[in-house]
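Engineer: Please read through the structure below; I'll follow up with questions.
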Amino acid sequence: MDSEIVYDFSPVFIIYKSGRIERLTGETIVQSSLTPHNGVVSKDVVYSPGDNLSVRIFLPEKAAKTGEKLPLLVYFHGGAFIIETPFSPTYHTFLTTAVSASDCIAVSVDYRRPPEHPIPIPYDDSWTSLKWVFTHIAGCGPENWLNKHADFSKVFLAGDS
Numbered sequence: 001m002d003s004e005i006v007y008d009f010s011p012v013f014i015i016y017k018s019g020r021i022e023r024l025t026g027e028t029i030v031q032s033s034l035t036p037h038n039g040v041v042s043k044d045v046v047y048s049p050g051d052n053l054s055v056r057i058f059l060p061e062k063a064a065k066t067g068e069k070l071p072l073l074v075y076f077h078g079g080a081f082i083i084e085t086p087f088s089p090t091y092h093t094f095l096t097t098a099v100s101a102s103d104c105i106a107v108s109v110d111y112r113r114p115p116e117h118p119i120p121i122p123y124d125d126s127w128t129s130l131k132w133v134f135t136h137i138a139g140c141g142p143e144n145w146l147n148k149h150a151d152f153s154k155v156f157l158a159g160d161s
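What follows is the structure, given as structure tokens:
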């Protein structure tokens, strides 16, 4: 491992001469759980196997039991495309709270991040995730939670930076 720094953007990240990126924040992972937290269950589902990209789906526990259709929120995490993921404590907690408060099903999208994967790769990954989500519109996509619980007449896109 080299130690020659090209760019030091502490406390966010450091880029080394070798091209290695050291992210100093936003890398902690919270596991998804079928055990309810704040009345919400979650799971991770691969949407782009070739790129090993997943979404985290959040579902109110009561909907999991009743089978009711809920508005669908597709969420793109912030972090200047460089830090954070849908699996970080920041976004796991935020989406759990949002789903609990709004009674919706949410899909939080993971995408490849710069600088290793320059723009427009994160945009392309996000577009791929939307196309994957909408394969469920007729109720026969690869993910049962979306087939069973997403009301595709009520879809909302959101995110932050």
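Be aware that the sequence shown starts at 1, since it is given in full-length UniProt numbering, and climbs by one per residue. Glycine included, each C-beta is placed from N, C-alpha and C at the ideal position. Computed from a predicted structure; not experimentally measured.
1) Can you list, in chain order, the residues of its chain whose CB lies under 7 Å from that of residue 8, leaving out five sequence neighbours each side?
2) Take residue 29 and list the residues in its own chain whose beta-carbon comes closer than 8 Å to its own, dropping the five residues that flank it on each side.
3) With the cut-off set at 7 Å, would you say residue 82 and residue 114 are in Cβ contact?
4) Contact defined as beta carbons within less than 8 Å: I believe residue 55 pairs with residue 129. What is the distance between those atoms, to the nearest angstrom?
5) Relative to the C-alpha of residue 20, which residue among 2, 34 and 35 is closest?
6) Our contact map puts residue 159 next to residue 78 with C-beta atoms below 8 Å; I'd like the distance itself, whole angstroms only.
7) Give the range of the beta strand (DSSP E) segment to which residue 152 is assigned.
8) Within the same chain, show all residues whose beta-carbon is closer than 7 Å to that of residue 25, passing over the 5 residues directly before and after it, in chain order.
9) Do residue 106 and residue 157 come within 7 Å of each other at the CB atom, strictly closer than that value?
Structural biologist: Let me lay it out:
1) 14
2) 85, 87 and 88
3) Yes; because the gap between Cβ atoms is below 7 Å, this pair is in contact.
4) 6 Å
5) 2
6) 7 Å
7) 150 to 159
8) Counting only Cβ-Cβ distances below 7 Å, and skipping sequence neighbours, we find 11, 12 and 83.
9) The answer is no: Cβ separation not under 7 Å.
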